[in-house]
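Numbering (my numbering), first residue to last: 16 to 459.
Backbone N, C-alpha and C define an ideal beta-carbon position, used for all residues, glycine too.
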């Protein structure tokens with residue numbers, strides 16, 4: 016029997032329940048997706064990837080994107096008008112490596128502070144400098160140097176830091192399946208990428224502590240894994256998927272150990288590395304979009320949610336029936352967020368730091384985006400149920416402030432609260448922007 020959970024419907028007659036005092040409200044973006052100004056930074060693996068024909072569905076690149084590099088005062092004004100407490104952005108490693116690259120982030124942080132919006136930088140969000148490679152251990156050390164440079168420049172105004180964004184996706188999509196940069200198809204030979212990113216995370220935590228940081232976390236993507244049936248083959252496949260996408264990236268950080276059977280597949284002195292990887296955190300960032308229904312392998316290549324799944328994988332990702340989907344084809348299941356967080360609380364106990372939802376959002380077209388309002392409404396109610404169940408949740412960040420370059424999808428998917436006309440670059444707040452502004456006012 017397939018597990019199903021009823022999706023929330025927006026209840027306009029009842030306000031969003033009140034979250035605890037001090038709860039942090041924010042929105043998120045990433046450098047490569049919005050900044051543009053490619054001539055003001057060095058090349059990244061994403062520049063090389065998008066230059067290859069057929070890699071991006073609409074053939075576009077992020078050379079201009081939203082031109083946030085030049086238009087950041089306008090975008091900070093949108094943040095202030097929205098009424099968020101914080102803005103999670105990422106710092107482009109290739110830009111930092113370029114002359115004057117940190118000057119941009121200096122200006123951005125100053126603008127945010129002047130507007131009363133807390134800057135929350137993410138120090139790696141997939142745009143690796145083209146001369147580096149996460150298959151190589153040295154990249155973890157280079158990342159620590161990058162973090163030290165950024166912290167030395169911005170640490171007097173930045174209190175909250177995020178080391179990595181979604182190392183699972185960067186490993187799986189970029190190095191195992193090849194649908195993201197750098198476009199490798201290594202399957203399980205990509206596991207060193209996971210280990211070296213996690214090692215880089217631990218080194219980054221140490222570098223931030225050395226710079227005086229007291230509020231440090233990571234942004235890992237997680238979601239419940241539901242077996243397609245209770246048949247042993249489906250249950251086994253779902254357990255492996257959960258290990259690969261959830262436990263493999265949570266347990267080294269939270270417990271200082273790899274799940275059973277995984278540590279021996281990693282390179283180097285794994286036990287020594289795990290002591291670095293498990294540096295204590297002040298919060299644990301969770302990016303949540305949807306649960307995944309998983310069954311036994313079907314022996315054929317399939318495409319799911321825009322990702323090609325080779326026949327060789329020991330599982331198959333299947334449709335969750337009876338729920339709405341976004342225009343990306345992703346299932347809309349708010350209760351999955353409650354399930355995920357309560358599962359983590361039960362699984363990791365006091366080893367789980369306070370949680371911040373560092374991304375949650377959806378892709379829908381149009382400016383009158385009632386579907387996005389319903390999505391956010393349902394997920395905020397689901398998040399509040401997790402708080403009521405005893406999960407220590409400290410904040411929530413919507414993905415994303417504005418429509419942007421959506422990686423291999425190009426500009427066809429729109430996740431923003433603000434519409435961007437990619438011809439004129441004009442910004443237009445959507446209905447969801449106004450809705451969220453009113454929700455935040457009611458939370459004060």
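Please classify residue 261: does DSSP put it in a helix, a strand, or coil?
Here the question's residue 261 lines up with position 246 in the chain shown. Reduced to three states, the DSSP call for residue 261 is helix.
Are the CB atoms of residue 100 and residue 40 within a distance shorter than 8 Å?
For the purposes of this step, residue 40 is identified with residue 25 of the chain shown, where counting begins at 1. For the purposes of this step, residue 100 is identified with residue 85 of the chain shown, where counting begins at 1. In this structure, residue 100 lies closer than 8 Å to residue 40 by Cβ.
Just to confirm my understanding: we take residue 430, look at its own chain, exclude 5 residues before and 5 after, and list those with CB closer than 8 Å. What are they?
Taking the first residue of the chain shown as position 1, residue 430 is located at position 415. Closer than 8 Å at Cβ, skipping near neighbours: 376, 377, 378, 414, 415, 418, 419, 421.
For residue 123, tell me which candidate among 76, 261, 87 has the shortest Cα-Cα distance.
Looking up residue 123 in the chain shown gives position 108. When each option's Cα is compared against that of residue 123, the closest is 87.
Beta-carbon separation of residue 428 and residue 319 under 8 Å?
Counted from its first residue, the chain shown places residue 428 at position 413. Counted from its first residue, the chain shown places residue 319 at position 304. Result no, Cβ atoms of residue 428 and residue 319 do not sit closer than 8 Å.
Any chance the stretch 189–197 sits against the stretch 141–156, with 3 or more Cβ pairs inside 8 Å?
As far as the Cβ criterion goes, the stretch 189–197 touches the stretch 141–156, which means the pair count is three or higher.
From residue 270 to residue 42, what does the alpha carbon distance come to, in whole angstroms?
Along the chain shown, read from residue 1 onward, the residue named residue 270 stands at position 255. Along the chain shown, read from residue 1 onward, the residue named residue 42 stands at position 27. C-alpha separation (whole angstroms): 29 Å.
Would you list the residues sitting across from residue 105 in a DSSP beta bridge?
To locate residue 105, count along the chain shown from 1; it is residue 90. In the DSSP output, where bridge partners are listed per residue, residue 105 has 137.
So residue 369 is in the beta strand (DSSP E); what residue range does that whole segment cover?
For the purposes of this step, residue 369 is taken as residue 354 along the chain shown, with counting starting at 1. Run containing residue 369: none; DSSP gives neither H nor E here.
When you compare the stretch 215–226 with the stretch 304–311, are there three or more beta-carbon pairs, one atom per stretch, that lie closer than 8 Å?
No: the two stretches stay apart, fewer than three of their Cβ pairs being nearer than 8 Å.
If you run the structure through DSSP and keep just helix, strand and coil, what is residue 29?
Taking the first residue of the chain shown as position 1, residue 29 is located at position 14. Residue 29: coil per DSSP, three-state reduction.
Grab me the residues of residue 206's own chain with a C-beta within less than 7 Å of its C-beta, minus the 5 sequence neighbours each way, in chain order.
The residue labelled residue 206 in the question sits at position 191 within the chain shown. For residue 206, where only same-chain residues beyond five positions count, the Cβ hits under 7 Å are 280, 281.
Grab the span of the alpha helix (DSSP H) containing residue 233 for me, first residue to last.
On the chain shown, residue 233 is found 218 positions in, with the first residue counted as 1. That residue, residue 233, is in no alpha helix (DSSP H); its beta strand (DSSP E) goes 231–236.
Residue 439 by DSSP, collapsed to three states: which one?
Position 424 of the chain shown, counted from the first residue, corresponds to residue 439. Coil.
Check residue 18 in the structure and name its three-state DSSP category.
Indexing the chain shown from 1 puts residue 18 at position 3. With a pLDDT of only 39 at residue 18, under 50, the local geometry of the prediction cannot be trusted, and no value is derived from it.
Just to confirm, are residue 455 and residue 445 a CB contact at a threshold of 8 Å?
Taking the first residue of the chain shown as 1, we reach residue 455 at position 440. Taking the first residue of the chain shown as 1, we reach residue 445 at position 430. No, these two residues do not count as a Cβ contact at 8 Å.
Out of 158, 208, 241, 447, state which residue places its alpha-carbon closest to the alpha-carbon of residue 330.
Here residue 330 refers to the residue found at position 315 when the chain shown is read from its first residue. For residue 330, the nearest C-alpha among the options comes from 241.
From the DSSP output, in three-state form, read off residue 388 for me.
Numbered from 1 along the chain shown, position 373 holds the residue referred to as residue 388. Helix, per DSSP.
Are there 16 or more other CB atoms within 10 angstroms of the CB of residue 110, so buried, or fewer, so exposed?
Reading the chain shown from its first residue, position 95 is the one you call residue 110. Answer is buried; the Cβ neighbour count reaches 16.
Under a Cβ-count criterion, where at least 16 other Cβ atoms within 10 Å of its own Cβ denotes burial, should residue 78 be classed as buried or exposed?
Within the chain shown, numbered from 1, the residue matching residue 78 stands at position 63. Burial call: exposed.
Ignore the nearest five residues each way along the sequence and tell me which others in residue 380's own chain have a CB closer than 8 Å to its CB.
Here residue 380 refers to the residue found at position 365 of the chain shown. 342, 429, listed in sequence order.
Compare the C-alpha of residue 182 against each of 142, 171, 168, 166 and name the closest.
Here the question's residue 182 lines up with position 167 in the chain shown. The shortest C-alpha separation from residue 182 is found at 142.
Under 8 Å by Cβ, that's how I've got residue 174 and residue 221 pegged, so tell me the actual separation to the nearest angstrom.
For the purposes of this step, residue 174 is taken as the residue at position 159 of the chain shown. For the purposes of this step, residue 221 is taken as the residue at position 206 of the chain shown. About 18 Å separates the two Cβ atoms, so there is no contact after all.
Determine the burial state of residue 59: buried for a count of at least 16 other Cβ atoms within 10 Å of its Cβ, exposed for fewer.
Along the chain shown, read from residue 1 onward, the residue named residue 59 stands at position 44. With 16 or more other Cβ atoms within 10 Å, it is buried.
Under 6 Å Cβ to Cβ from residue 440, same chain only, skipping five residues before and after it: list those, please.
Translated into positions along the chain shown, residue 440 becomes position 425. The answer, listed in chain order, is 82.
Does residue 243 pass the burial test, meaning 16 or more other C-beta atoms within 10 Å, or should it be called exposed?
On the chain shown, position 228 is the one that residue 243 refers to. The residue is buried, with at least 16 neighbouring Cβ atoms inside 10 Å.
Kindly give me the distance between the Cβ atoms of residue 277 and residue 263, rounded to whole angstroms, as I take these residues to be in contact under 8 Å.
Residue numbering aside, residue 277 sits at position 262 when the chain shown is read from its first letter. Residue numbering aside, residue 263 sits at position 248 when the chain shown is read from its first letter. Confirmed, Cβ separation roughly 6 Å.
Expressed to the nearest angstrom, what Euclidean distance is found between the alpha-carbon atoms of residue 289 and residue 363?
As a first step, residue 289 is located in the chain shown; it is residue number 274 there, counting from the start. As a first step, residue 363 is located in the chain shown; it is residue number 348 there, counting from the start. Straight-line Cα distance between these residues: approximately 17 Å.
When the Cα of residue 34 is compared with those of 211, 268, 411, 453, which residue comes out closest?
What you label residue 34 is simply residue 19 of the chain shown in a count that begins at 1. It is 411 whose Cα lies nearest to the Cα of residue 34.
Could you tell me whether the stretch 391–405 touches the stretch 89–99, where touching means 3 or more Cβ pairs closer than 8 Å?
With a cut-off of 8 Å, the stretch 89–99 and the stretch 391–405 do not count as touching, because too few Cβ pairs lie within range.
How big is the Cα-Cα spacing for residue 358 and residue 367?
For this step, residue 358 is matched to residue 343 along the chain shown. For this step, residue 367 is matched to residue 352 along the chain shown. Going by the C-alpha atoms only, they are around 11 Å apart.
Start and end of the beta strand (DSSP E) containing residue 322?
Here residue 322 is taken as the residue at index 307 of the chain shown, counted from 1. Taken as a continuous stretch (DSSP letters only), the beta strand (DSSP E) holding residue 322 covers 322–324.
What separation, rounded to the nearest whole angstrom, lies between the Cα atoms of residue 18 and residue 80?
As a first step, residue 18 must be located in the chain shown, where it is residue number 3. As a first step, residue 80 must be located in the chain shown, where it is residue number 65. Residue confidence for residue 18 is low, a pLDDT of 39 falling below 50, so the modelled location carries little weight; the figure read from the coordinates is stated next. One C-alpha to the other measures close to 40 Å.
Which of the three DSSP states is assigned to residue 126 in this structure?
The residue given as residue 126 occupies position 111 in the chain shown. Note: residue 126 maps to helix in three-state DSSP.
In the DSSP assignment, find the beta strand (DSSP E) that holds residue 319 and state where it starts and stops.
Counting from 1 along the chain shown, the entry for residue 319 is found at position 304. Element bounds for residue 319: 317–319.
I need the straight-line Cα distance from residue 397 to residue 218, nearest angstrom please.
Along the chain shown, read from residue 1 onward, the residue named residue 397 stands at position 382. Along the chain shown, read from residue 1 onward, the residue named residue 218 stands at position 203. Using only the alpha carbons, I get a separation of about 34 Å.
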